[in-house]
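For reference, the structure is listed below as structure tokens.
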Amino acid sequence: MKKLFIKTYGCQMNAYDSARMAELLAPLGYAPAAEADGADMVILNTCHIREKATEKVYSELGRLKALKRAKPNMLVAVAGCTAQAEGAEIVTRAPVVDLVVGPQSYHRLPEMIARAARQAGHVLEGDFPALEKFDVIEALGPQQSDSGVSAFLTVQEGCDKFCTFCVVPYTRGPEHSRPPERIIAEARRLGARGAREIVLLGQNVNAYRGTAEDGKTWNLARLLQAIAAIKDVSRIRYTTSHPRDMDDDLIAAHGANPKLMPMLHLPVQSGSDTVLAAMNRQHTAEDYLALIERLRSSRPDIAFSSDFIVGFPGESDADFEATLALVRHVKFAQCFSFKYSPRPGTPAAAAKKLVAESVKIERLLALQALLLEQQDEANRAAIGKTLAVLFEKPGREKGQLVGRSPYLQPVHVAGGRDLIGRIANVKIAKLTANSLHGALRETLSA
Ligand code: SAM
Ligand code: SF4
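The sequence shown runs 617 to 1062 under the numbering used here.
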């Protein structure tokens, strides 16, 4: 067997793609390896969202140069969004790279490896044949890597929103939804292999519009309903959503579909209408707050997480204050926040009124302090309550199990491994850092 090491950067969609790449290469005799040292092939599945993410890839390629010197026939591939965005520039900057493959064309890897063996030089692929990619992936059938209790399932790719700061529409291409029947078949297969929770993925997942075999268009709410009908699947989540695409059906689904978990990631980026307009988010702060209210009416115990960017060009102190005010109003359970990072080729990168780095840092620290306070409050509120926990794996200590609450909080209990893949009630006793600890009550699922 040849050894394959895949290093994954960035989002959950990259995690899904890395698993599929491993499956594609298994028939060629590649088995997963835990490290790059000694591997026959190394794939860096990259992220391009912020400058830091891209720089990490180049420093990793620097390290791989030494390994390749020791093992000259080792293949080095760069996949993912940096591969799509930078293409041939990658091999100019890092000649150690043999293959460059974008996120929509990695199904061509086996053929690219054969080409690399035949020809001298580098092999590059950067098309957007999304349909063809899923045809190849589906033909692989049930795979070993699908055996987790919680499994990712990509239902939609690409983005047509063109937020002015974001590279995704350029690296992942236009919006494309997979047909519902194929998604349902994949969800059934995952359920049969032990997945109890399915996380539907898409850059803009709630813009899902799949065309069924009868020619009808399905929205995400309809797809969620069909997946909820699969007996093996107990929990469903979806990410990432755009506020503009939260339609009435989807809001109603949160109240009507008990398998849909009461935790929603709904990025808002800023609380200032001026900044939201400059970002081309196509909604105001008030629209966002109204949406939160409607979701809370549909599902009163729903919790929210979000993404924020501070220091977008032109962001004033008052704009930043508006972000803090929005956060105070909503009370989020968990969030991600970033300093604005100009990305080549995006409209915002040409902006002139830049925010000083020191101000960006100051704002990020202030926002993160507030978000952390809210996260801590949400976690503390769980103490004394009984939560349904889906157990995923053994904990670090002997006899310990780790699972997730409906709100994605890690929960630790003392219990036997037979509970892995099952849901049980846990009475929460304490909080350490971000983890909850408690005692097992009754088991809810077989
Ligand atoms: N599609 C999602 C949405 O509409 O929010 C998220 C896509 S992106 C992979 C994840 C997050 O990265 C974004 O929500 C945004 O907060 C952040 N992000 C994207 N571009 C950025 C940039 N140029 N600088 C800083 N953060 C950025
Ligand atoms: Fe990027 Fe905006 Fe599309 Fe999200 S909606 S992927 S932030 S362009």
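Here a beta-carbon is modelled for each residue, glycine too, at the ideal position from N, C-alpha and C.
(message) When you compare the CB positions of LEU1006 and ARG812, do they come within less than 8 Å of one another, or not?
(response) When the beta-carbon positions are compared, LEU1006 and ARG812 come within less than 8 Å of each other.
(message) For a quick check, are the C-beta atoms of ALA638 and LEU620 less than 8 Å apart?
(response) It is a contact, given that the beta carbons lie within the stated cut-off.
(message) Suppose you measure from the CA of GLN628 to the CA of PHE768; what does that come to, to the nearest Å?
(response) Rounded to the nearest angstrom, the two C-alpha atoms are 8 Å apart.
(message) Taking the straight line between their C-alpha atoms, what separation do you get for TYR854 and THR770?
(response) Straight-line spacing of the CA atoms in TYR854 and THR770 works out to 10 Å.
(request) Please list the segments of the alpha helix (DSSP H) lying wholly inside the region 898–960, counting only runs of 4 or more residues, in order along the chain. (result) List check, alpha helix (DSSP H) in window: 901–914, 933–946.
(request) Any chance you could list the residues with Cβ under 6 Å from a heavy atom of the ligand SAM, keeping chain order? (result) In chain order, the hits are CYS627, ILE665, ARG666, PHE781, CYS782, VAL784, GLN819, ASN820, THR856, HIS858, PRO883, GLN885, ASP923, ILE925, PHE954, TYR956, SER957, ARG959.
(message) I'd like to check one pair, THR856 with PRO883: are the Cβ atoms closer than 8 Å?
(response) Yes.
(message) Would VAL716 pass as an interface residue toward chain B - the criterion being a Cβ-Cβ separation below 8 Å?
(response) The structure shown contains no chain B; it is built from a single protein chain.
(message) In this structure, how does DSSP classify ARG724 when only helix, strand and coil are distinguished?
(response) ARG724: helix per DSSP, three-state reduction.
(request) Along the alpha helix (DSSP H) that carries ALA868, what are the first and last residues, could you check? (result) In the DSSP assignment, ALA868 falls within the alpha helix (DSSP H) that extends over 864–872.
(message) Our contact map puts THR787 next to CYS697 with C-beta atoms below 8 Å; I'd like the distance itself, whole angstroms only.
(response) Right, their Cβ atoms sit about 4 Å apart.
(message) When you measure from the CB of LYS777 to every non-hydrogen atom of the ligand SF4, does any distance come out below 7 Å?
(response) At least one heavy atom of the ligand SF4 sits closer than 7 Å to the Cβ of LYS777.
(message) Contact between the region 920–928 and the region 937–948 is defined here as three or more beta-carbon pairs at a separation below 8 Å; is this criterion met?
(response) Contact between the region 920–928 and the region 937–948 is present, because at least three Cβ pairs lie under 8 Å.
(message) One question on the structure: do GLY930 and ALA967 come within less than 8 Å of each other, judged by their Cβ atoms?
(response) Here GLY930 is near ALA967, since their CB atoms are less than 8 Å apart.
(request) Compare the Cα-Cα distances from LEU836 to each of ILE852, ASP830, LEU1060, LYS847 and report the closest residue. (result) Cα-wise, what sits closest to LEU836 is ILE852.
(message) Count Cβ pairs between the region 828–848 and the region 786–806 that sit closer than 8 Å; are there 3 or more?
(response) Touching, yes.
(request) Flag this pair as yes or no: are the beta carbons of ALA669 and GLY626 separated by less than 8 Å? (result) Judged by beta-carbon spacing, GLY626 lies within the 8 Å limit of ALA669, meaning their Cβ atoms are closer than that value.
(message) What does the Cβ neighbour count give for GLU741, buried or exposed, with the cut at 16 atoms within 10 Å?
(response) Classification of GLU741: buried, given that the 10 Å Cβ count is 16 or more.
(message) Looking only at its chain, what residues have a beta carbon closer than 7 Å to the beta carbon of CYS779, apart from the 5 residues adjacent to it on each side?
(response) Result list for CYS779: MET895, ASN896, ARG897, in chain order.
(request) Can you tell me which of PHE781, GLU978, ALA872 puts its alpha carbon nearest to the alpha carbon of GLN885? (result) Looking at the Cα atoms, PHE781 is the closest of the given residues.
(request) Within its chain, find whatever has a CB closer than 7 Å to the CB of LEU1056; leave out the 5 residues flanking it on each side and keep chain order. (result) If we look at LEU1056 and ignore the five residues flanking it on each side, its Cβ neighbours are VAL1029, GLY1031, ALA1040, VAL1042.
(request) Kindly indicate which residue of SER888, GLU1008, LYS1014 has the alpha-carbon position closest to the one of GLY764. (result) Looking at SER888, GLU1008, LYS1014, the one whose alpha-carbon comes closest to that of GLY764 is GLU1008.
(message) Measuring alpha carbon to alpha carbon, tell me which residue in PRO1022, LEU1060, GLN1016 is nearest ALA998.
(response) Of PRO1022, LEU1060, GLN1016, the residue nearest in Cα terms is PRO1022.
(request) For the beta strand (DSSP E) holding GLU741, just list the boundary residues, first then last. (result) Taken as a continuous stretch (DSSP letters only), the beta strand (DSSP E) holding GLU741 covers 739–741.
(request) Kindly examine the ligand NAD and report whether one of its heavy atoms sits closer than 7 Å to the Cβ of GLU754. (result) In terms of ligand content, the structure shown lacks the ligand NAD and carries the ligand SAM and the ligand SF4 instead.
(message) In this structure, how does DSSP classify GLN772 when only helix, strand and coil are distinguished?
(response) When DSSP states are grouped into helix, strand and coil, GLN772 belongs to the strand group.
(request) Express the C-alpha separation of VAL713 and PRO688 in angstroms, rounding to a whole number. (result) Computed Cα separation, rounded: 12 Å.
(request) Work out the CA separation of LEU1052 and LYS1076 for me, nearest whole Å. (result) Within the shown structure, residues of the chain are numbered from 617 to 1062, placing residue 1076 beyond reach of any answer.
(message) On the CB-based measure, 16 or more other CB atoms within 10 Å of its CB, does GLU1013 come out buried or exposed?
(response) If you draw a 10 Å sphere on the C-beta of GLU1013, you find fewer than 16 other C-beta atoms in it, and that means exposed.
(request) Output the distance between the C-alpha atoms of SER957 and LEU983, rounded to the nearest integer angstrom. (result) About 17 Å.
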